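Have a look at the structure below, then the notes.
There are 2 protein chains.
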Amino acid sequence: MSTPPSKSRPHIVVVGAGFAGLNFCKDFPPGLARITLIDRQNHHLFQPLLYQVATAGLSAVDIAQPVRAILNDKPDLEVMMAEVTGFDLAARRVRCTGGELAYDYLILGLGGVASYFGHPEWAAHAPGLKSLDDALRIRRDILLAFERAETETDEQRRRELMTIVVVGGGPTGVELAGAFAELARTVLKRDFDRIDPTKARVILIEGSPRVLASFPPESSASALRQLERLGVEVRLGRHVEAVRAGEVVVGGEVIRAANIIWGAGVAANPLTLSLGAETDRAGRVKILPDLSLPGHPEVFALGDMTALTDRRGRVVPGLCPAAIQMGQHAARVVADDLRAGGQSPERRKAYAYFDKGSMATIGRSKAVAVLGRFHFSGYPAWVLWLCVHLLFLVGFRNKFSVLSQWIYSYVTYKRGARIITGVSSGNPAGSA
Amino acid sequence: MSTPPSKSRPHIVVVGAGFAGLNFCKDFPPGLARITLIDRQNHHLFQPLLYQVATAGLSAVDIAQPVRAILNDKPDLEVMMAEVTGFDLAARRVRCTGGELAYDYLILGLGGVASYFGHPEWAAHAPGLKSLDDALRIRRDILLAFERAETETDEQRRRELMTIVVVGGGPTGVELAGAFAELARTVLKRDFDRIDPTKARVILIEGSPRVLASFPPESSASALRQLERLGVEVRLGRHVEAVRAGEVVVGGEVIRAANIIWGAGVAANPLTLSLGAETDRAGRVKILPDLSLPGHPEVFALGDMTALTDRRGRVVPGLCPAAIQMGQHAARVVADDLRAGGQSPERRKAYAYFDKGSMATIGRSKAVAVLGRFHFSGYPAWVLWLCVHLLFLVGFRNKFSVLSQWIYSYVTYKRGARIITGVSSGNPAGSA
Chain Y
0 MSTPPSKSRP
10 HIVVVGAGFA
20 GLNFCKDFPP
30 GLARITLIDR
40 QNHHLFQPLL
50 YQVATAGLSA
60 VDIAQPVRAI
70 LNDKPDLEVM
80 MAEVTGFDLA
90 ARRVRCTGGE
100 LAYDYLILGL
110 GGVASYFGHP
120 EWAAHAPGLK
130 SLDDALRIRR
140 DILLAFERAE
150 TETDEQRRRE
160 LMTIVVVGGG
170 PTGVELAGAF
180 AELARTVLKR
190 DFDRIDPTKA
200 RVILIEGSPR
210 VLASFPPESS
220 ASALRQLERL
230 GVEVRLGRHV
240 EAVRAGEVVV
250 GGEVIRAANI
260 IWGAGVAANP
270 LTLSLGAETD
280 RAGRVKILPD
290 LSLPGHPEVF
300 ALGDMTALTD
310 RRGRVVPGLC
320 PAAIQMGQHA
330 ARVVADDLRA
340 GGQSPERRKA
350 YAYFDKGSMA
360 TIGRSKAVAV
370 LGRFHFSGYP
380 AWVLWLCVHL
390 LFLVGFRNKF
400 SVLSQWIYSY
410 VTYKRGARII
420 TGVSSGNPAG
430 SA
Chain E
0 MSTPPSKSRP
10 HIVVVGAGFA
20 GLNFCKDFPP
30 GLARITLIDR
40 QNHHLFQPLL
50 YQVATAGLSA
60 VDIAQPVRAI
70 LNDKPDLEVM
80 MAEVTGFDLA
90 ARRVRCTGGE
100 LAYDYLILGL
110 GGVASYFGHP
120 EWAAHAPGLK
130 SLDDALRIRR
140 DILLAFERAE
150 TETDEQRRRE
160 LMTIVVVGGG
170 PTGVELAGAF
180 AELARTVLKR
190 DFDRIDPTKA
200 RVILIEGSPR
210 VLASFPPESS
220 ASALRQLERL
230 GVEVRLGRHV
240 EAVRAGEVVV
250 GGEVIRAANI
260 IWGAGVAANP
270 LTLSLGAETD
280 RAGRVKILPD
290 LSLPGHPEVF
300 ALGDMTALTD
310 RRGRVVPGLC
320 PAAIQMGQHA
330 ARVVADDLRA
340 GGQSPERRKA
350 YAYFDKGSMA
360 TIGRSKAVAV
370 LGRFHFSGYP
380 AWVLWLCVHL
390 LFLVGFRNKF
400 SVLSQWIYSY
410 VTYKRGARII
420 TGVSSGNPAG
430 SA
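Sequence order for the protein chains is Y and E. According to numbering that gives the first Met the number 0, the first sequence is numbered sequentially starting from 0. According to numbering that gives the first Met the number 0, the second sequence is numbered sequentially starting from 0.
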């Protein structure tokens, strides 16, 4: 195809190399525009497996892929590692560390952050799980707590060190709680002499009356049974009233725990505020059916940062399949615009969420899956979960490495990533 | 075998889970004593491959193995994750975070630290490579420098960001310099749009007239040729006069470089000072032929922290084969003592270093190896190097994972671990 000199071509700035931004870049046809992809990290993160890094099942590099490596076959795409600090929609400019970028189209996939329901001060005592660094910090803190318990003489303090509280009974919370319980009962069991890791407490707190509230009731019930079989204490219909250092208050009860992990609400990235667009209570941007920002046909917001009811009247969930689909849809819309020689909002297609189903894994051979009318649980759901996640993992090397580690863990009941780093005096760095 | 109640048995405290301490624990016969192994990390580190983590070839967990996992088949051994703060040899006590430990035998494998030749202030600007955290910090800083160069407009500054200085032409320095050159020329080459990573400068500085001074002259010559073929600028017979932020002064010449890595001298761990034993200029403890401390037949010092001329008159080198052998020798000596019903220094065997040969890899298909009278270089040496290192790597999973990543990198010219972590705002944690 003939490619006009890049300067003459419209400039598309994509912010965020998550599922939405990455899939926009992958699907956008070559030759129509120059694309600049900005992310503050140098890697795309496969978030659905992030909890396995936090629970020592996988290493950080297994679920991350350098953005440049994924996209280095795109001739008219540039990757920039920079922090976006704000937007000037009127002037069509993105402000970021090291300058400003002018755009003709702006594609936003800023993702979400943990929401503490108006209690930002809780964040310090109950970290969320959004980035590799979060996962590595959680892994380190959990493993360190068991090490300290081993040398702790005070019985009460030892119990606290061996207690993990997970807040939020959605997929993230359920998967974390299940994996922690399994880590203690099957993996760490043989590692210690004085403490008995199988006595570790894992407490899952959920405000609604059931776990996996977005799943059908029977899936929730099955997930609950499977969690309890793993020894997870599930507290349903209980709201967190306070979080302090090593302490969480739930329904009047005070639970002392060395580790409190926040798997609850997701809010939009604070950057979205600087868009000046209308948002819902969680700060998610309300967008039009074509995924563009009201009043700004040249700006698209995608994925977890958005609140949208699609053309079929479905609320689009904050799941990675939705983010992927929105990225692909936006790529089509912008490409059509450019082929038509300019913006034509009236002719744009409206996005419809295609539900590929949802699944959550609870532990070794335990999971629930919903595919349309079909509900699976236990072993078949677990196998399904493995295949789907392996399939969508970006990069051959990662697929291969993850598969071999899963097989290894399954056969040996060991986990390779039980390594504590980032504790040596004054070390700012991180990750393998 | 009949095992008397543990309290009645003598107590051996082993400090350090490096090659020396770990191999003492592995080889010490069961039933003779209680052993407590103390390390401030929870993992044993396979240091010979540490440079591959620093150069994004391997992930941290590939070369680390949880100490508890390695030794959990030892009935009378306890692992303690704690920081040793000092020794009271007279009272036979080890001071560490969380209390004191009494011992009947003390086995010390404290390892070494980077030596800045009396200029500790250089450490801040030229990190050494001793721990996983060091390696991860170096990997992050190198990858970040290329990312910044990509968006840097000032030509001079950009050149500095793409310059890496390695100080020290020993195995560590040579392996680092070779791997950095290769990372830039073959791996990062395709990743960037504005900069040309193949133009990156890697400068290796060595004070003596040749690299790998401990190898035979022809090996040094061949290593030099192979380094230069990779584009490494080797400065021989030049001493570092000053190190400042982003700047190193060598023989009057000022070299500006965003990354300066210290691969030079090794000094003993500062803790050795608190032993009050006689040391050499590098602070290494002078020990007796049986590896015990003069005047303290119940205290053994092993590995990099020691200075010893063995019974054959050979200076024992600071290499991991020596550390392994010393650990095994000490285990035999202490076991003989106990079987003989007490210390019998006069009857103890003297240690003799068995030279298994030495090798260094310079890059893809490039290496030098010396086995007795046989000298290899280039491809055969490199294959030999691969086999030996894979063979000695602890843990099946690690062997498997490392082998598969080596194959992957060799075939695809890619490196899986090009992931930057530990940079998200205020993240104290680290590592995968």
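We put the beta carbon where it would ideally sit given N, CA and C, even for glycine. Since this is a predicted model, take the numbers as computed values, not measurements.
Of all residues in the stretch 173 to 191 of chain E, those with a C-beta nearer than 8 Å to a C-beta of chain Y are Arg189, Asp190, Phe191, reading in chain order. Secondary structure note for Asp61 of chain E: it is in no alpha helix (DSSP H), with a DSSP letter that is neither H nor E. Within the model, the alpha-carbon separation for Gln155 of chain E versus Pro119 of chain E is close to 29 Å. For the stretch 26 to 47 of chain E, residues whose beta-carbon sits nearer than 8 Å to a beta-carbon of chain Y comprise Arg39, Gln40, Asn41, His42. Ala148 of chain Y and Ile202 of chain Y do not touch by the CB rule: their CB atoms are close to 16 Å apart, not below 8 Å.
Assignment of beta-bridge partners to Ala113 of chain Y by DSSP yields Y:Val265. Taking a beta-carbon distance threshold of 8 Å, Val60 of chain E counts as an interface residue toward chain Y. Closest option to Gly230 of chain E, judged by alpha-carbon separation, among E:Leu76, E:Ile406, E:Ala183: E:Ala183.
Neighbourhood of Pro119 of chain E in chain Y, by CB distance below 9 Å: empty, with the nearest CB roughly 14 Å away.
Gly97 of chain E reaches chain Y at Thr150, counting residues in chain order whose Cβ is nearer than 8 Å. Assignment of His42 of chain Y by DSSP, reduced to helix, strand and coil, places it in the strand class. Neighbours of Ile69 of chain Y across chain E, judged by C-beta separation under 9 Å, do not exist; the nearest C-beta is about 10 Å away. With three or more CB-CB distances shorter than 8 Å, the stretch 26 to 45 of chain Y counts as touching the stretch 63 to 82 of chain Y.
Annotation: Ile418 of chain E is outside any beta strand (DSSP E) and is labelled neither H nor E by DSSP. For Met325 of chain E, same chain residues with a beta-carbon under 7 Å away, outside a window of 5 residues either side, are Ala19, Leu290, Leu301, Gly302, Tyr350 in chain order. Gly362 of chain Y carries a strand assignment under DSSP once its states are collapsed to helix, strand and coil. Exclusion of the five residues before and after Glu82 of chain Y leaves Arg39, Cys95, Thr96 as the residues of its chain whose Cβ lies within less than 7 Å of its Cβ.
Distances from the alpha-carbon of Val166 of chain Y to those of Y:Leu128, Y:Pro215, Y:Ser376 put Y:Leu128 closest.
At least 8 Å separates the CB of Phe18 of chain Y from every CB of chain E. Cβ-Cβ distances below 7 Å link Pro65 of chain E to Asn41, His42 in the same chain, with the five nearest sequence neighbours on each side left out; the list follows chain order. Here DSSP, grouped into helix, strand and coil, assigns Tyr104 of chain E to strand. Shown here for Thr308 of chain E: same chain residues with a beta carbon closer than 6 Å to its own, the five before and five after excluded, namely Val314 in chain order.
Across the stretch 291 to 321 of chain E, no CB contact with chain Y closer than 9 Å is found for any residue. In the assembly as shown, Cys24 of chain Y is a buried residue. Its beta-carbon has 16 or more other beta-carbons within 10 Å.
Assignment of Asn22 of chain E by DSSP, reduced to helix, strand and coil, places it in the helix class. In this structure, DSSP gives Phe299 of chain Y an extended state, which the three-state scheme calls strand.
At a cut-off of 8 Å between beta carbons, Pro269 of chain E makes no contact with chain Y. A distance of 8 Å or more separates the beta carbons of Gln51 of chain Y and Ala222 of chain Y. Y:Gly262 is the residue among Y:Arg136, Y:Gly262, Y:Ala276, Y:Arg138 whose C-alpha sits nearest the C-alpha of Gly172 of chain Y.
At a C-beta separation below 8 Å, Pro65 of chain Y has these neighbours in chain E: Asp190, Arg417, Ile418. In the assembly as shown, Asp336 of chain Y is a buried residue. Its beta-carbon has 16 or more other beta-carbons within 10 Å. Of the residues E:Asn22, E:Pro9, E:Arg8, the one whose Cα lies closest to the Cα of Phe391 of chain E is E:Asn22. Considering only Y:Val210, Y:Val233, Y:Gly168, Y:Arg189, the residue with the shortest C-alpha distance to Arg200 of chain Y is Y:Val233. Between Ala199 of chain Y and chain E, the shortest Cβ-Cβ separation is not below 8 Å. Considering only Y:Glu277, Y:Thr35, Y:Val393, Y:Gln46, the residue with the shortest C-alpha distance to Arg8 of chain Y is Y:Thr35. By the Cβ neighbour-count rule, Ala68 of chain E is buried, with 16 or more other Cβ atoms within 10 Å of its own.
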